[in-house]
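*Asks:*
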Amino acid sequence: MGYDPLSRRDLTSRLRKQYPADFRMFLSFDDCVFQVETNDSRLDVRLRKYFKAFMTIPSIPDIRVTALDAPPPKIPADFTIKKPDPGKTRIKEEYVDIDGGRIVRKRLTDMLFIFGQGDNLAVGSCTENDNQVVNFINNRFIEWKLNRGGLLGHAAGVSVNGRGLALAGFSGMGKSTLALRLLSA
């Protein structure tokens, strides 16, 4: 049986065989259980620290995410540039739809994010760019909630001395900057 580099199933299976993920953790976000696995002990430690409040006992996962610290494979396809969000100018990523899913390539780090039909894999310099792995995990949870009727809001919040302020608006409108300034005042 041949290997199809433009099949999500073939690509993720080959990468998991080539770079076995020996480190595993389980996370519980609301009603969703994640199995997160990696082949790098340093990334495992960082993810455990970041998601400490969400760690749970091993169980049947709703979502599996694999993060492989390994050279990303060359993809023989033309990627489509994702246009910057309103108010932004830098192109950060590009994507290609493949059989069974999508591949997103981050232009700055050359990391690949392969996902579709519940199969989620990040490959590249994952340990060096652990924030992108965290974002990938969080985005899989967002997708989970949206697929079940949830709504997505873009917001920031700050709480000081028992009082809080929530700010909602479009990306780049200054919500996070205002929240940080309020905290530093």
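So for the sequence shown, the numbering used here puts the first residue at 648; every next one is plus one.
Glycine included, C-beta positions come from ideal geometry on N, C-alpha and C.
Remember, predicted model here, so these are calculated numbers, not experimental data.
Could you tell me which residues DSSP pairs with residue 713 in its beta bridges?
*Replies:* 684 and 768
*Asks:* When we look at the beta-carbon of residue 716 and count the other beta-carbons within 10 Å, is it buried (16 or more) or exposed?
*Replies:* buried
*Asks:* For residue 741, list the residues DSSP reports as bridge partners.
*Replies:* 728 and 752
*Asks:* From which residue to which residue does the beta strand (DSSP E) around residue 810 run?
*Replies:* 810–815
*Asks:* Secondary structure at residue 795, three-state DSSP: helix, strand or coil?
*Replies:* In this structure, DSSP gives residue 795 a state outside helix and strand, which the three-state scheme calls coil.
*Asks:* Can you tell me the Cα-Cα spacing of residue 749 and residue 763, whole angstroms?
*Replies:* 6 Å
*Asks:* So does the stretch 769–781 actually touch the stretch 742–759, counting three or more Cβ pairs closer than 8 Å?
*Replies:* yes
*Asks:* Could you tell me which of 821, 761 and 710 sits nearest to residue 661, measuring between CA atoms?
*Replies:* Here the closest residue by C-alpha is 761.
*Asks:* Going by the beta-carbon positions, is the gap between residue 726 and residue 712 smaller than 8 Å?
*Replies:* no
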